[in-house]
Amino acid sequence: MLRTHTCGELTIKDINKEVVLTGWVQRIRDKGGLIWIDLRDRYGITQLILEEGRTNTDTINIVRKLGREFVIKAKGTVIERISKNPKLTTGDIEIDLVEVSILNSSKTPPFTIEDETDGGEELRMKYRYLDLRRNPLKESLLLRHKLSLETRKYLDSLQFVEIETPYLIKSTPEGARDFIVPSRMNQGEFYALPQSPQTFKQLLMIAGYDRYYQLVKCFRDEDLRADRQPEFTQIDCEMSFVEQDDILDIFEGMIKYLFKTLKNIELDSFPRISYQEAMERYGSDKPDTRFGMEFIELNELAQNKGFKVFDDAELVVGINASGCSNYTRKQLDKLTDFVRRPQVGAKGLVYVKYNTDGTFKSSVDKFFDKETLKEWADKFNAKPGDLLLILSGEKEKVRKQMNELRLEMGNRLELRDSSHFKPLWVTDFPLLEWDEENNRYHAMHHPFTSPKQEDISLLETNPGKVRANAYDMVINGVEIGGGSIRIHDRELQKMMFKVLGFSDEEAQEQFGFLMNAFEYGAPPHGGIALGFDRLAALFAGKESIRDFIAFPKNNAGRDLMIDSPSAVSREQLDELGLTIKKN
Ligand code: ASP
């Protein structure tokens with residue numbers, strides 16, 4: 161090694177040691193006779209000191225040529241600092257510099273390499289290797305590393321085997337668009353990059369590897385958001401001879417283990433609620449349960465009293481914004497504007513103030529007397545000082561709108577603290593989802609998910625009502641993962657494809673390999689996949705997954721550093737048989 165120590169390890173115990181450090185120049189302060197250098201590497205910062213008259217002139221001359229981010233090798237003696245810095249592990253010492261050599265110079269970086277940088281997002285993406293030198297990103301990547309290590313330890317201890325599956329596969333429908341890769345050797349044909357290793361892990365179960373996992377890249381050609389990347393990593397798992405609860409127990413155990421080991425947090429056991437219940441109580445299949453404010457349905461107490469808006473509605477539902485009865489006209493107008501935004505889509509908002517003096521003031525005073533408002537308040541468990549917010553309309557729509565309002569109120573009231581963690585399982589998802597545009601059903605999870613035994617008879621008569629053995633793990637309103645018990649019977653899988661609108665031929669052509677495999681002793685099996693980048697972000701209390709990926713893409717799916725995607729040469733296209741021939 162060129163160094164004897166890292167920049168993060170020397171302390172008062174090392175006084176008088178002769179050491180050699182290497183690293184990047186973070187900062188130089190030249191106060192005439194005295195010069196200090198902050199030398200940085202991955203492990204920390206160590207201060208170097210030189211003094212005119214004491215340090216030899218050659219060394220001083222070299223140091224005066226240094227700039228930010230120069231890479232140097234510094235030799236000297238560890239001495240005690242006069243003014244100590246308790247923020248640094250190395251803050252009690254400094255290195256009395258004897259000799260320095262420049263290992264490489266550096267241009268002035270386009271932004272400061274500090275915890276709070278002056279560089280904009282685009283610039284930092286372009287110079288990602290410089291951004292990665294900053295502590296916040298470094299910490300993200302180190303956290304990610306620990307998370308993957310501990311995940312592997314946990315799964316290994318339970319006999320899970322990590323097996324790699326191919327990246328060049330065949331296009332399979334999992335809900336998103338595939339990235340496709342042209343084949344040179346088979347011109348006119350294409351591979352697809354996997355949206356997940358779903359079919360492969362099922363084949364591994366048929367092959368007898370009854371506990372599989374993989375930290376694996378998945379690829380989905382979707383429009384991007386802060387929490388989405390075209391390539392992302394999953395903790396992908398599959399197990400044989402299990403029922404739903406076995407899978408929930410094992411992966412709940414994994415998350416608890418990770419929280420305990422990485423954050424020293426003991427999580428309570430995860431509540432398990434059905435999709436139906438989640439929709440009724442929170443209007444969302446990924447409820448944020450860090451705060452209550454659960455939905456209260458008011459149909460019985462609010463309909464048939466002459467208020468047409470409520471009378472015509474399929475559902476009248478509200479939340480109790482506790483302690484908000486003092487909201488001003490302006491604040492209430494803002495909330496009304498919020499629910500009226502096209503993204504939320506409500507027509508209006510009804511409020512009832514339960515004033516601290518016990519009186520009521522509502523936006524519907526004309527239609528409802530005090531006694532009725534009191535009945536509502538009781539149903540909400542409201543006390544003086546509370547504010548009821550009520551929406552009405554079509555059941556599904558109004559629940560979604562109320563979910564938005566609930567989350568908004570959670571934000572306003574600062575009830576969504578990123579250092580609190582509230583996990584839960586949402587189970588019994590519908591098997592199918594109706595696609596209005598294309599007039600057909602889609603698999604809500606994926607086509608390999610098994611219907612609940614007791615609902616199978618509905619598959620042909622009332623497919624929309626069939627519930628699946630499918631579950632999601634949700635933490636703080638974020639879907640961390642999802643999975644299902646799979647179909648392992650050829651006939652049932654065939655029926656499922658039929659419901660999804662595949663002809664027998666299409667099903668055989670696309671999924672023959674799996675359905676044929678089901679004929680050779682397929683064990684009952686199921687699994688789950690957890691979003692690994694998301695999990696890392698959650699552990700750090702961050703929303704965007706971007707900082708937990710070393711080299712991410714921007715919102716337009718571009719890598720600004722390597723400038724990709726990019727055009728390829730005519731020759732490459734020719735070779736792939738992709739050139740459009742002119743006649
Ligand atoms: N393959 C599924 C997904 O990527 C997860 C699973 O069912 O195991 O969402």
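Letter by letter, the sequence shown follows residues 161 to 743 in the working numbering. Ideal Cβ positions, reconstructed from N, Cα and C, are used throughout, including at glycine. Quick caveat, the model's predicted, so the values are computed rather than measured.
If residue i and residue j are in contact, beta carbons under 8 angstroms, what's the gap, nearest whole angstrom?
i: Gly478; j: Leu364; result: Between Leu364 and Gly478 the Cβ distance is about 49 angstroms, and since that is not below 8 angstroms, they are no contact.
i: Leu199; j: Leu181; result: 6 angstroms
i: Leu584; j: Val634; result: 5 angstroms
i: Ser400; j: Pro607; result: That pair is no contact at about 20 angstroms.
i: Val469; j: Leu565; result: Not quite, the Cβ-Cβ distance comes to about 16 angstroms (not below 8 angstroms), so this is no contact.
i: Tyr327; j: Leu353; result: 6 angstroms
i: Thr587; j: Ser429; result: So it is not a contact: roughly 14 angstroms between Cβ atoms.
i: Ala689; j: Gly641; result: 6 angstroms
Compute every distance between the C-beta of residue i and the non-hydrogen atoms of ligand 1, then say whether any falls below 7 angstroms.
i: Ser610; result: no
i: Ser485; result: no
i: Ala438; result: no
i: Ile688; result: yes
i: Ser644; result: yes
i: Gln358; result: yes
i: His605; result: yes
i: Gln404; result: no
i: Gln394; result: yes
When you compare only the Cα positions, how much space is there between residue i and residue j?
i: Glu679; j: Val626; result: 25 angstroms
i: Phe671; j: Glu651; result: 13 angstroms
i: Thr516; j: Ser485; result: 8 angstroms
i: Lys247; j: Gln207; result: 13 angstroms
i: Ile197; j: Val179; result: 16 angstroms
i: Asp218; j: Ala234; result: 13 angstroms
i: Ile175; j: Ile220; result: 23 angstroms
i: Gln463; j: Leu567; result: 26 angstroms
i: Leu307; j: Ala696; result: 7 angstroms
i: Ile273; j: Arg284; result: 10 angstroms
i: Glu382; j: Leu698; result: 22 angstroms
i: Tyr514; j: Thr621; result: 48 angstroms
i: Glu596; j: Pro623; result: 15 angstroms
i: Met345; j: Phe451; result: 57 angstroms
i: Ala481; j: Asn459; result: 19 angstroms
i: Ile255; j: Val638; result: 47 angstroms
i: Leu315; j: Ala677; result: 26 angstroms
i: Lys539; j: Ile456; result: 8 angstroms
i: Ser704; j: Arg694; result: 8 angstroms
Could you check if residue i is buried or exposed, using at least 16 other CB atoms within 10 Å of its CB as the buried criterion?
i: Leu418; result: buried
i: Asp348; result: Per the sequence presented here, residue 348 reads as Gly, with Asp not at that position. Looking at its Cβ environment, which holds fewer than 16 other Cβ atoms inside 10 Å, Gly348 is exposed.
i: Trp184; result: buried
i: Thr250; result: buried
i: His165; result: buried
i: Ile172; result: exposed
i: Asn636; result: buried
i: Arg388; result: buried
i: Lys446; result: buried
i: Thr215; result: buried
i: Phe673; result: exposed
i: Thr488; result: exposed
With DSSP run on the structure shown, which of helix, strand or coil describes residue i?
i: Thr587; result: strand
i: Ser578; result: coil
i: Phe671; result: helix
i: Phe430; result: coil
i: Asn571; result: helix
i: Lys420; result: helix
i: Ile800; result: With the chain running from 161 to 743 in the structure shown, residue 800 is simply not present.
i: Phe470; result: helix
i: Lys526; result: coil
i: Lys235; result: strand
i: Ala143; result: Only positions 161 to 743 of the chain appear in this structure, which leaves residue 143 out of reach.
i: Glu229; result: coil
i: Val376; result: strand
i: Asp707; result: helix
i: Thr449; result: coil
i: Ala336; result: coil
i: Gln653; result: helix
i: Gln389; result: coil
i: Asp642; result: One detail in the question is off: residue 642 reads as Gly in this sequence, not Asp. Gly642: strand per DSSP, three-state reduction.
i: Ser360; result: Note on residue identity: the sequence assigns Phe, not Ser, to residue 360. Three-state result, Phe360: helix.
Is there a Cβ of chain B sitting closer than 8 angstroms to that of residue i, yes or no?
i: Asp632; result: The structure shown has no chain B; it contains just one protein chain.
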